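Down below is the structure, laid out as structure tokens.
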Amino acid sequence: MKDLETQFTFKQYSERSILIQGPSKIDEILLESLLFYKNSIEKFYDKLIVEVILSYNSLLISYVSTIENVYDEVLTLKSLFSEDFKKQPLKKRLWKIPVCYEASVAPELPSFAASKSMDIDEVIALHSAPLYTVYFIGFLPGFLYLGGLDDRLITPRKATPSMKLEKGSVAIGGNQTGVYPGDSPGGWHVIGKTPVDFFDVSAPECCFAAPGDKIQFISIKEKEYNDIRLLVNSGLFTLENDVL
1 MKDLETQFTF
11 KQYSERSILI
21 QGPSKIDEIL
31 LESLLFYKNS
41 IEKFYDKLIV
51 EVILSYNSLL
61 ISYVSTIENV
71 YDEVLTLKSL
81 FSEDFKKQPL
91 KKRLWKIPVC
101 YEASVAPELP
111 SFAASKSMDI
121 DEVIALHSAP
131 LYTVYFIGFL
141 PGFLYLGGLD
151 DRLITPRKAT
161 PSMKLEKGSV
171 AIGGNQTGVY
181 PGDSPGGWHV
191 IGKTPVDFFD
201 VSAPECCFAA
211 PGDKIQFISI
221 KEKEYNDIRL
231 LVNSGLFTLE
241 NDVL
């Protein structure tokens, strides 16, 4: 991505925040630049900021106090951008998420497959083949926004959202797929279910994954789903992952 720095825009978002926006796209190079930039900002400001929030193409910097001079603050933020992210690859992990695609836990899968003129096995194969990239976490605590869905599975969100999608529901909405970390209303199409907890306030890291990580969905049968769920509930399950 040539001259990435020139593609960022800066504007005051509130009296205590500034929004930095990049190109309007889902892109791994952009993600790496934003993560590197986020780290630089956090190191520079330390306790003078509340947090830096990441999205697909932006950073929202929230300050402890009112911004006195936005122009000077923007100049400082611009000075912190660096292309060094190209020389320092992100530390990433690949998380292997077991998913049961059987109709007993994913009753919407048959109708989803029919809407795509596919058989169920084809949908499962296409959904479990990619290594998805975690772009950011939001909407619900532990909800991972993933990039990498096969184009053949892209489907508009439901015209009428469901009042309740169960915790662990693996779903597709538009060009995205994700896992609902808790019971929630939702407009995505549920094609599977995982026994893994994506958000646990008692764990050292409330959400095991981080932006830049990869996710791989591993197809399992219902019996294995139930066995893993028992281990998760007992605190005895260890999620498989590899360093990339």
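So the sequence shown is numbered by the UniProt record's numbering: it starts at 1 and just counts up by one. Heads up, the beta-carbon is just placed ideally off N, CA and C, and yes, glycines get one too. All values derive from a computational prediction rather than experimental measurement.
Check your understanding: Short check: CB of PRO181 to CB of PHE198, under 9 Å?
Key -> yes
Practice item. Give the straight-line distance between the Cα atoms of ARG16 and LEU77, rounded to the nearest whole angstrom. Key: 14 Å
Practice item. Give the range of the beta strand (DSSP E) segment to which THR9 is assigned. Key: 9-14
Practice item. Could you please give the first and the last residue of the uninterrupted beta strand (DSSP E) stretch that includes ARG93? Key: 93-100
Review point. Tell me the DSSP bridge mates of LEU165?
Key: SER184
Check your understanding: Counting along the chain, where does the alpha helix (DSSP H) carrying LEU90 start and finish?
Key -> First-last for LEU90: undefined, no H or E at that position.
Practice item. Quick one: give me the first and last residue of the alpha helix (DSSP H) that LYS116 is part of. Key: First-last for LYS116: undefined, no H or E at that position.
Check your understanding: Tell me which same chain residues have a C-beta within less than 8 Å of the C-beta of PHE85, skipping the five on either side of it?
Key -> GLU32, SER33, LEU35, PHE36, TYR37
Point to revise | alpha helix (DSSP H) runs contained entirely in the region 29-84, provided each spans 4 or more residues | key: 70-80
Review point. Across which residues does DSSP place LEU144 in a beta bridge pair?
Key: ILE137
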